[in-house]
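Here is the structure we will look at, set down as structure tokens.
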Amino acid sequence: MASSAQANIQKPITITDDRGATIQFNQQPERLAAISYLGVDIAFALGIQPVATTYMEKGREPDYLLGKTAAIQQIGQRAKPNLELLAEAKPDVIVAMRRYTAANAEAFQKIAPYIAYNMELLDESYKEVSDLATLFGKQARGEELNTAFKTHLQEFAAQAPKDKHPRFQIMWAGDTPFSFHTENTAASIVAALGGDNIMSAMTSTGKFGEEVSLETMLEKDPEVIFVYDGGTERPHENNPIWNELSAVKNHRVYYVGDHWVETNGPIAREIVLREAAHYLYPEVFPAIDVKTEAAKFMAVKDGS
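Okay, here's the thing in structure tokens:
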């Protein structure tokens with residue numbers, strides 16, 4: 180379902196997504212639909228206005244996207260996108276989270292060319308940004324965003340205290356919290372700043388995260404905990420073990436926003452870097468205003 184305004188490109192662009200599928204484009208897409216915020220994040224950083232997006236929490240417009248998602252057609256929660264609404268948006272490319280959409284690939288492909296990414300690891304982030312920047316004719320901007328982040332990561336790491344390696348954990352709320360291994364994008368950023376992830380590497384399971392009991396958390400005793408703030412449901416706080424953790428006793432539990440889960444985009448990873456630096460080393464790195472920092476990396480302006 181291609182837009183009539185699409186322009187032919189001199190040489191077909193081929194993208195291999197994380198299913199191993201090869202998607203070829205003979206025309207440059209203009210109408211991007213995003214299942215997860217990755218596509219929106221990259222589009223905003225490239226100066227493109229998406230035509231549709233899913234959300235993490237209904238009615239909550241992420242600060243790191245400056246609330247601009249309110250102006251985009253909403254097609255449901257990222258794990259349950261509404262295909263009818265997606266089709267109504269008439270996209271000419273769909274950028275989707277693989278684990279929520281691969282089983283229905285055929286249905287998505289009937290609507291528009293469908294690119295499925297894992298959106299889990301920092302190494303994947305650079306490819307995702309590069310792929311979509313190239314697809315939209317903005318390869319130089321994609322390279323700029325990737326290079327800038329690598330430079331910023333090195334600069335922040337160089338300023339971090341070398342004698343401190345605070346134990347940390349990044350988790351979803353839950354009775355048995357789902358927590359992230361070090362290769363996960365947000366965890367990779369915190370680890371690069373000198374943090375010691377109690378969940379360690381993903382080599383034992385091959386998965387980017389896994390559930391961990393509060394008993395195990397107490398044994399590993401994180402000094403800093405980042406909890407994805409999915410709303411008012413915080414069952415972990417009802418377990419008496421929670422109050423025994425060093426992070427809780429020392430008031431170093433931080434309830435963080437959507438960018439800590441959807442970290443692979445160029446704006447999200449920059450904000451996580453700055454927040455993580457402050458939360459790990461508040462005596463070295465100042466607190467940030469998310470919207471002010473996000474605006475520095477956003478090419479889509481008001482009215483775009």
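Residue numbers for the sequence shown follow this note's numbering, so the first one is 180 and each next one is one higher. Virtual Cβ for every residue (Gly too), placed ideally from N, Cα, C.
- A direct Cα-Cα distance of roughly 9 Å separates Lys475 from Ala224.
- In this structure, the beta-carbon distance from Pro229 to Ile254 does not fall below 7 Å.
- Contact between Val440 and Tyr407 holds: CB atoms are separated by about 5 Å, below the 8 Å threshold.
- When C-beta atoms of the region 349-357 are compared with those of the region 256-274, fewer than three pairs fall below 8 Å, so the two segments do not count as touching.
- Comparing C-alpha distances from Met381 to each of Ser367, Gly373, Leu393 shows the shortest one belongs to Ser367.
- Taken through DSSP and simplified to helix, strand or coil, Glu416 comes out as helix.
- Apart from the 5 residues on each side of it in sequence, Asp310 sits with its Cβ closer than 6 Å to the Cβ of Ile194 in its chain, given in chain order.
- Look at Arg239 here: in three-state DSSP terms it is coil, with no helix or strand label.
- Tyr234 is bridged by DSSP to Gln256.
- DSSP places Met276 in the uninterrupted beta strand (DSSP E) bounded by 272-276.
- Classified as buried, Pro401 has 16 or more neighbouring CB atoms from the shown chains inside 10 Å of its CB.
- Contact between Phe347 and Gly374 is confirmed by a C-beta separation of about 4 Å, below the 8 Å threshold.
- Each residue's CA atom was taken as its position, placing Thr313 and Asn376 some 34 Å apart.
- Rounded to whole angstroms, the separation of the alpha carbons of Glu398 and Ala295 is 38 Å.
- Leaving aside the five residues that flank Leu324 on each side, the residues in its chain whose CB is nearer than 7 Å to its CB run, in chain order, Ala224, Val308, Pro445.
- Assigned with DSSP and collapsed to three states, Glu402 falls in coil, not helix or strand.
- Here Pro445 carries a helix assignment [DSSP, helix/strand/coil].
- DSSP places Ala212 in the strand class (E or B) of the three-state scheme.
- Secondary structure of Tyr460 (DSSP, three-state): coil.
- Within the same chain, and ignoring the five residues on either side of His331 in sequence, the residues whose Cβ sits closer than 8 Å to its Cβ are Glu449, Leu452.
- Three or more Cβ pairs closer than 8 Å define a contact, and the region 426-440 falls short of that threshold against the region 278-295.
- With respect to the 7 Å criterion, Arg198 and Ala281 are classified as neighbours on the basis of their beta carbons.
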